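A.B. asks: Numbering (the working numbering), first residue to last: -14 to 105.
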Ligand SMILES: [Zn+2]
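#1: So for residue -4, helix, strand or coil by DSSP?
#2: By Cβ distance below 7 Å, which residues in the same chain neighbour residue 75 in space, the five residues on each side in sequence not counted?
#3: Is it buried or exposed, residue 90, if we count other Cβ atoms within 10 angstroms and call 16 or more buried?
#4: Could you check how far apart the C-beta atoms of residue 60 and residue 53 are, in whole angstroms? I think they sit under 8 Å.
#5: Can the beta-carbon of residue 11 be found closer than 8 Å to that of residue 49?
#6: Closer than 7 Å: is that where the CB of residue 99 sits relative to any heavy atom of ligand 1?
#7: Residue 79: buried (16+ other C-beta within 10 angstroms of its C-beta) or exposed?
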């Protein structure tokens, strides 16, 4: 074996692990008018600080946000935790993480024009 071969980076032999995110519908949460909306606002700030939150949609009455990426187990744990904390089950959904943030309800995994962030 030559030195060059020893220095060569190993080629990845396994695909990257599945990444999952949890979409939180703050619009629905706020329209329900429960205390969970306030609780989520505080939690979202914590996720934001740790770089685990991205915004999908902002409306005057609330925002739809996605936390992640997580492993599937962690995403399901986070979803259950949110529901146990009073967030309505319909306002929280675990889904596969995508490179481009997609609107809630979009089923595409690859970048799509519908959800493309507007260019300034
Ligand atoms: Zn999309």
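We put the beta carbon where it would ideally sit given N, CA and C, even for glycine. Remember, it's a predicted structure, so these values are computed and weren't measured experimentally.
C.D. replies: Put simply:
#1: coil
#2: 13
#3: exposed
#4: 6 Å
#5: yes
#6: yes
#7: buried
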